[in-house]
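Participant: Protein sequence lines, in the order shown, are assigned to chains A and B. For the first sequence, counting from 1, position 73 maps to 73 in the UniProt record's numbering; every step adds exactly one. For the second sequence, counting from 1, position 111 maps to 111 in the UniProt record's numbering; every step adds exactly one. The beta carbon of each residue, even a glycine, is placed where N, CA and C say it ideally should be. Since we're looking at a predicted model, the values are computed, not measured.
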Amino acid sequence: MSFWRAIALAALCAAAPALLAGEIPPEARRSGYSFMGPDTRAMQDDDTSNPGMLFVLDGEALWTKKAGSADKACADCHGDARSSMKGVAARYPAFDKSLGHPVTLDQRINLCRADHQQATPLPYESRDLLALSAFVAHQSRGFAITAGDDPQLKPFVAQGRDLFMRREGQLNLACTNCHDDNFDKRLAGAPITQAQPTGYPLYRLEWQTLGSLERRLRSCMTGVRAQAYDYGSPELVTLELYLMSRARGLPMETPAVRP
Amino acid sequence: MWPPRSSRRTRAAAALIAASLVFATGAQAEGPVPYRIAGDGIPESLTGAPGDATRGRALVLARTTTCILCHSGPFPETRFQGDLAPDLTGAGNRWSVSQLRLRLVDASHFNPETIMPSYYRADGLVRVGRNFAGKPILSATEIEDIVAFLATLRD
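1) Tell me F95(A)'s beta-bridge partners as DSSP assigns them.
2) Can you list, in chain order, the residues of the stretch 118–152 of chain B whose Cβ is nearer than 9 angstroms to any Cβ on chain A?
3) For A188(A) versus G82(B), is the C-beta spacing smaller than 7 angstroms?
4) Give the interface partners of L69(B) over in chain A, defined as CB-CB distance under 7 angstroms, in chain order.
5) Would you mind sorting G52(A) into buried or exposed? The rule is 16 or more other CB atoms within 10 Å of its CB.
6) Of all the options T48(A), Y229(A), H78(A), which has the alpha carbon lying nearest to the alpha carbon of R218(A)?
7) List the DSSP bridge partners of V257(A).
8) Find out if the Cβ-Cβ distance for the pair V157(A), S245(A) is shorter than 7 angstroms.
9) Return the CA-CA distance between P251(A) and R141(A), expressed in angstroms with no decimal places.
10) Which chain B residues are close to L171(A), counting only those with a beta carbon under 8 angstroms from its beta carbon?
11) Contact check, A131(A) vs D58(A) under 8 angstroms by CB: the rounded distance?
12) Three or more C-beta pairs closer than 8 angstroms, one from the stretch 116–132 of chain B and one from the stretch 167–175 of chain A: is that the case here?
13) What three-state label does DSSP hand T54(B) in the structure shown?
14) Near S84(A), which residues of its chain fall below 6 angstroms by C-beta distance, leaving aside the five closest residues on each side in sequence?
15) Suppose only complete runs of 3+ residues qualify. What are the beta strand (DSSP E) ranges in the UniProt domain "Cytochrome c" (159–252) of chain A, listed by chain order?
16) Give me, in chain order, the residues of the same chain whose beta-carbon lies closer than 6 angstroms to that of R225(A); leave out the 5 immediate sequence neighbours on both sides.
17) Here's the rule I'm using: 16 or more other beta-carbon atoms within 10 Å means buried, otherwise exposed. How should P155(A) be labelled?
18) Using the C-alpha atoms, what's the distance from S139(B) back to L62(A)?
19) Whose C-beta lies closer than 8 angstroms to the C-beta of L190(A) among residues of the same chain, with five residues either side of it excluded?
20) May I have the straight-line CA-CA distance separating L105(A) from R36(B), to the nearest angstrom?
21) From the DSSP secondary-structure annotation, give me the bridge partner or partners of A67(A).
22) Sorted by chain position, which residues of the same chain lie with C-beta nearer than 6 angstroms to E248(A)'s C-beta, five sequence neighbours on each side aside?
23) Can you tell me which of the three DSSP states A137(A) falls into?
24) Using a Cβ-Cβ cut-off of 7 angstroms (strictly less than) and excluding sequence neighbours within five positions of G41(B), which residues of its own chain qualify?
25) Cα separation between T141(B) and P43(B)?
26) Would you check if the stretch 209–217 of chain A and the stretch 83–100 of chain A touch, i.e. whether three or more CB-CB distances between them fall below 8 angstroms?
27) Can you tell me which of C220(A), L236(A), V257(A) puts its alpha carbon nearest to the alpha carbon of Q159(A)?
28) Scan the stretch 152–180 of chain A for residues whose Cβ lies nearer than 7 angstroms to a Cβ of chain B and list them as they occur along the chain.
This is the structure:
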């Protein structure tokens, strides 16, 4: 190899992002939106027809509603979410210093309730939690996802990746088997997406309601006939973190609409 | 994973319960019967009797067996077929009954990286759902019925 060739190769290696085998390079990453038909796209695109916007409006009302024995509303500390929550959801799950591990946006909302409002936690998938989460995440619509950039999250991203790559359940399939290796193909007639979680919580026509990424992950696990992880479990949180870091650079869409 | 808040004692108790569950499911004996691989196939029927091709066709089209989720085939009445795996048209030309049987029983025998599940296997799996633990995806009778049907798929 000539001297200049060696230099060119070294430069190329240095410039290439640290991708592992089987992973989707940034320029090939596609939101689930690009796999949908025109009707579902139109439903998401128009705020007056997007059913997720009803949850966002509910969340906006909850934001200023006092709760708990502290008799405080989110807005009493955070002010106008339109400025204070801008871009925040694009960085979640985020590392929590006092807990020493990542927390999801849902968990952050409940930590805030416990610590600052002295209120009881909102149950997972409850309308109020989804609404607040949707309202906060909506303030990041259009922002590029950067979750997982915090160096403290590195080991947790790796744990989530291990779970993504691990075959599970009676059907013995890993997430990667479909969502890295076979996206764009059809499973029972329906397109397989890249599993880029750009629009959660999102309105799924199949559910006829808004739902979290954890709900989606649990139903995929049930699909491969595995025992689904519990809501809020370290496994689901690290999987969510890995998926968000895997979607790095894609714009947030909350509230997305999916079939 | 990060350390759970539960005490060591709770975890020990959980391990004990898990261990007793393993024994309980093992005692149910719904697991697969032994079979003999010869060359690239399983020559003998898993049930000792030939399968029923008519029942086999219905099984291939039933979404619960999962075949049609990934495969397509000469099934004009079925709208939602998959394209993750080869079309089943002509499967009976491509493979012998013995080869078809091993492909269904344990496709990973041919390719460890395959996404096709091993339909007659109940061990070495991770985190299997409670309703499915200790059982193969298909019974010996179902495998034989499907094999009998696939053998009829000739161009």
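Facilitator: The relevant details are as follows:
1) By 1-based counting over the first sequence, the position of residue 95(A) is 95. Note: F95(A) sits in a beta bridge opposite P102(A).
2) S118, R121, A122, G124, L125, V126, R127, V128, G129, R130, N131, F132, A133, K135, P136, I137
3) Counting from one through the first sequence, the residue named residue 188(A) turns up at place 188. Counting from one through the second sequence, the residue named residue 82(B) turns up at place 82. Yes. Within cutoff.
4) By one-based count along the second sequence, residue 69(B) stands at place 69. Under the 7 angstroms cutoff, chain A gives L187, A188.
5) Along the first sequence, read from residue 1 onward, the residue named residue 52(A) stands at position 52. Buried.
6) If you number the first sequence from 1, residue 218(A) lands on position 218. When each option's Cα is compared against that of R218(A), the closest is Y229(A).
7) For the purposes of this step, residue 257(A) is identified with residue 257 of the first sequence, where counting begins at 1. Under the DSSP definition of a beta bridge, V257(A) partners with Y203(A).
8) The residue labelled residue 157(A) in the question sits at position 157 within the first sequence. The residue labelled residue 245(A) in the question sits at position 245 within the first sequence. Taking 7 angstroms as the Cβ cut-off, V157(A) and S245(A) qualify as a contacting pair.
9) In the first sequence, counting from the first residue as 1, residue 251(A) sits at position 251. In the first sequence, counting from the first residue as 1, residue 141(A) sits at position 141. Cα to Cα, the separation comes out at about 7 angstroms.
10) Your numbering for residue 171(A) matches position 171 in the first sequence. Neighbours of L171(A) in chain B, taken as residues whose beta carbon is under 8 angstroms from its own, are T66, P117, I137 in chain order.
11) To locate residue 131(A), count along the first sequence from 1; it is residue 131. To locate residue 58(A), count along the first sequence from 1; it is residue 58. About 4 angstroms; that satisfies the 8 angstroms criterion.
12) The stretch 116–132 of chain B and the stretch 167–175 of chain A touch, with no fewer than 3 CB-CB distances between them shorter than 8 angstroms.
13) Taking the second sequence and counting its residues from 1, the one referred to as residue 54(B) is at position 54. If DSSP states are grouped into helix, strand and coil, T54(B) belongs with the helices.
14) What you label residue 84(A) is simply residue 84 of the first sequence in a count that begins at 1. Contacts found: H78.
15) 202–204, 209–211
16) Residue 225(A) sits at position 225 when you count from the first residue of the first sequence. Around R225(A): G169, Q170, L171.
17) Residue mapping note: residue 155(A) aligns to position 155 of the first sequence, counting from 1. Under this definition P155(A) is an exposed residue.
18) Along the first sequence, one-based indexing puts residue 62(A) at 62. Along the second sequence, one-based indexing puts residue 139(B) at 139. Taking the straight line from one Cα to the other gives about 53 angstroms.
19) Here residue 190(A) refers to the residue found at position 190 of the first sequence. Going by the sequence as given, residue 190(A) is Ala instead of Leu. The answer, listed in chain order, is P259.
20) One-based indexing of the first sequence puts residue 105(A) at position 105. One-based indexing of the second sequence puts residue 36(B) at position 36. One C-alpha to the other measures close to 53 angstroms.
21) Position 67 of the first sequence holds residue 67(A). Note: A67(A) sits in a beta bridge opposite K72(A).
22) Mapped onto the first sequence, residue 248(A) falls at position 248. Contrary to the premise, residue 248(A) reads as Arg rather than Glu in this sequence. The beta carbon of R248(A) is closer than 6 angstroms to those of I145 in its chain, skipping five residues each way along the sequence.
23) Here the question's residue 137(A) lines up with position 137 in the first sequence. Of the three classes helix, strand and coil, the one that applies to A137(A) here is helix, per DSSP.
24) To locate residue 41(B), count along the second sequence from 1; it is residue 41. Only S96, S98, Q99, R101, L102 meet the Cβ criterion.
25) Indexing the second sequence from 1 puts residue 141(B) at position 141. Indexing the second sequence from 1 puts residue 43(B) at position 43. Roughly 15 angstroms between the two C-alpha positions.
26) no
27) As a working note, residue 159(A) is residue 159 in the first sequence. Comparing alpha-carbon positions, the option among C220(A), L236(A), V257(A) lying closest to Q159(A) turns out to be L236(A).
28) Those residues of the stretch 152–180 of chain A that come within reach of chain B (Cβ to Cβ, closer than 7 angstroms) are Q159, R166, R167, E168, G169, Q170, L171, N172, L173, N177.
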